[in-house]
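One structure is given below, encoded as structure tokens.
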Amino acid sequence: MAALSLSNVDTYTKKKKLSHDHEGKGKPVFQEQWITQKLDHFNGADSRVWNQKFVLTETYYRAGGPVFLMIGGEGPINSGWIAMNPRSAWLTYAKKLGALCLMVEHRFYGDSRPMADLSTENLRFLSSQQALADLAHFRTAIAKQRGLTNSKWVAFGGSYPGALAAWSRLKYPHLIHAAVASSAPLHATVNFSEYLEVVWRALAAENPECPLLVKKAFDTLQERIKDPNNYDNITKDFNLCSKLQIQSEKDRAYILDALAENIMNTVQYNNDNIEFESALDTNCTIKTVCGVMSDASLGDPYYRFAAFVRLRTRTYLLKPCFKDLTYNANLQDLRNTSYSGPHGGGGRQWTYQTCTEFGYFQTTDSPNQPFGGFGLQYHVEQCQDNFNISAKTLYAGIDQTNENYGSYNIRATRIVFPNGSIDPWHALGITSSISDDLPAIFIKGTAHCANMYPARAEDLPQLTLAREHIFQLLQKWLKEK
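Numbering follows UniProt numbering, in which position 188 of the sequence shown is assigned residue number 188; successive positions increment by one, without gaps.
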């Protein structure tokens with residue numbers, strides 16, 4: 001499944017970097033601290049506690065200023081978001097408004113580990129509702145500790161944390177004064193077939209022939225992968241790290257999904273200014289995809305798609321080959337309950353949340369998209385295989401999420417919803433204003449969380465205007481009681 005969050009470590013290959021940048025002031029930009037949280041906020045008889053990581057910077061704070069809270073998501077918090085150079089959008093707002101800036105890590109991700117391991121039994125304490133209660137306690141405790149009880153707190157987040165930002169304002173309006181919910185998927189759904197429909201439209205906006213060529217390529221791949229005699233050639237064509245092995249329908253769906261994600265992730269982060277996060281494939285864009293897919297010298301569309309996968313793997317991800325696994329091999333990795341396991345950085349935890357709360361399964365069930373072979377059943381069965389979660393339980397969990405938060409019909413005030421037209425996740429977000437106090441900013445031609453990243457000269461004018469619009473809303477809302 002294409003990665004959701006800004007902080008998802010599986011999205012990009014990242015360089016290890018501990019950021020204690022200085023601005024010539026002789027002091028660290030941010031401080032790393034910890035706060036004690038309850039394991040279960042909804043069971044008064046459970047007294048167990050754990051330590052949650054957060055970082056803060058007082059660089060821009062002026063007495064009486066607001067408090068900005070950046071919410072962590074399905075991965076370790078990335079210090080790039082609170083470092084000063086380059087300056088991400090929320091820090092630009094903080095400098096202008098004199099805000100204290102805090103960034104808090106989500107329970108069960110990064111170094112914030114409520115339990116000793118990631119067993120299914122322990123993961124029952126991983127939910128958005130528990131995470132929101134963490135935020136409420138965090139806000140209350142830090143405000144008391146630092147004399148900020150009367151300060152106005154603004155929640156920020158992008159992607160899943162964007163939804164948490166909106167929901168924190170919805171559920172705790174006495175604690176959170178306003179929220180900026182960027183690229184927030186507020187509607188939970190099991191079958192998120194719209195994701196690939198947006199991918200189709202995004203490719204077509206670059207070149208109307210592009211998604212048709214991708215579809216032809218994938219149709220050919222699906223046909224060839226049925227015959228074991230083609231496995232050696234497919235291995236060579238896509239520069240797989242090991243010989244292709246298909247022993248089940250799930251193996252077939254798994255490799256098709258993995259190869260499709262080369263284009264899915266490229267579209268999702270198209271032209272986002274993500275280099276400051278130490279992401280490696282920052283220059284791989286929709287233009288790159290469609291350029292390769294239109295190059296007849298590479299052969300028919302199948303060979304062009306294979307060429308794109310090789311290009312992205314070697315040139316942008318700096319990998320010697322495309323890592324392929326069988327479904328069962330990946331399943332064993334996902335079943336590893338250690339934080340240091342192959343998916344302990346966030347993959348196992350986020351898969352659990354999709355199976356219990358959100359779904360978000362990016363299926364090929366729609367006819368209006370370029371891929372095939374990884375339909376809804378494949379995704380639903382992963383929940384059973386990984387966590388023994390039945391389809392009935394899965395659907396009930398998704399219904400409960402929408403019932404709890406309101407889906408598209410959120411009833412709150414002072415929340416802004418920025419979304420990009422190219423971002424496939426906008427299909428689950430709010431793209432039209434609900435009211436003056438629940439405005440949507442739909443940014444044509446931009447991708448996932450584009451408004452959150454540091455500004456640059458080549459930004460589209462509408463992206464620059466969107467960032468300014470958000471600032472004006474913050475100015476207005478911070479004047480309100």
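Heads up, the beta-carbon is just placed ideally off N, CA and C, and yes, glycines get one too.
Alpha-carbon spacing of residue i relative to residue j, whole angstroms
i: F371; j: A427; result: 18 Å
i: Y408; j: A133; result: 22 Å
i: I35; j: F138; result: 7 Å
i: P461; j: W81; result: 23 Å
i: A83; j: D300; result: 46 Å
i: Y254; j: Y327; result: 6 Å
i: N51; j: A136; result: 15 Å
i: K95; j: Y61; result: 8 Å
i: K392; j: E381; result: 12 Å
i: A63; j: M103; result: 19 Å
i: T337; j: D40; result: 20 Å
i: K472; j: E223; result: Checking the sequence, you will find Gln at residue 472 rather than Lys. Approximately 53 Å between the Cα atoms of the pair.
i: S390; j: Y378; result: 13 Å
i: I142; j: Q33; result: 11 Å
i: Y453; j: L175; result: 26 Å
i: R335; j: N386; result: 6 Å
i: E275; j: M264; result: 19 Å
i: E480; j: D365; result: 46 Å
i: F322; j: R467; result: 37 Å
i: M70; j: L478; result: 17 Å
i: G147; j: S340; result: 38 Å
i: K243; j: T235; result: 6 Å
i: F68; j: P418; result: 17 Å
i: N404; j: D324; result: 38 Å
i: A179; j: S88; result: 17 Å
i: C101; j: K53; result: 14 Å
i: S127; j: F192; result: 20 Å
i: S432; j: W425; result: 15 Å
i: L318; j: R252; result: 26 Å
i: F374; j: L474; result: 42 Å
i: R113; j: G346; result: 12 Å
i: A258; j: Q362; result: 12 Å
i: N43; j: Q129; result: 13 Å
Contact set for residue i: own chain, Cβ-Cβ below 6 Å, skip 5 residues either direction
i: I398; result: A188, V190 and G359
i: T220; result: Y302
i: L123; result: Y352
i: D333; result: P342 and H343
i: N262; result: V309 and R312
i: A260; result: F371
i: T57; result: V29, F30, I82 and C101
i: I246; result: R252
Cβ-based neighbour list, residue i, same chain, cut-off 8 Å, excluding 5 preceding and 5 following
i: D423; result: S183, V198, Q268, T446, A447, H448, C449 and A450
i: R314; result: N239 and P320
Same chain, Cβ closer than 7 Å to residue i, neighbours up to 5 away in sequence not counted
i: L463; result: I443, T446, A450 and N451
i: L465; result: none
i: Q49; result: The displayed chain sequence assigns Val, not Gln, to residue 49. Here the set comprises T36, Q37, K38 and L39.
i: C383; result: C355, I389 and L394
i: A131; result: H106, R107 and L164
i: D436; result: none
i: A155; result: L69, I71, A165, S168, R169, I176 and A179
i: Q145; result: none
Those residues which DSSP pairs with residue i across a bridge
i: L97; result: Note: L97 sits in no beta bridge, so no partner.
i: W200; result: For W200, which the question treats as bridged, DSSP gives no partner whatsoever.
i: Q31; result: L56
i: F192; result: Paired residues: none, contrary to the question.
i: F442; result: N419
i: K38; result: V49
i: I71; result: V104
i: L240; result: F322
i: S435; result: L438
Problem set entry | Start-end ranges of the beta strand (DSSP E) lying completely within the stretch 123-188, minimum 3 residues | 153-158 and 178-182
For this session: Pair every Cβ in the stretch 364-384 with every Cβ in the stretch 201-219, then say whether three or more of these pairs are closer than 8 Å.
Result: yes
Exercise. Can you give, in chain order, each stretch of the alpha helix (DSSP H) that sits fully within the stretch 303-379 and has at least 4 residues?
Worked result: 327-335 and 347-353
For this session: Report yes or no: do the stretch 345-354 and the stretch 238-249 share at least 3 C-beta pairs separated by less than 8 Å?
Result: no
Exercise. Okay, do the stretch 162-175 and the stretch 226-233 touch, 3+ Cβ pairs below 8 Å being the bar?
Worked result: no
Exercise. Is the stretch 199-209 in contact with the stretch 258-277, if contact means three or more CB pairs nearer than 8 Å?
Worked result: yes
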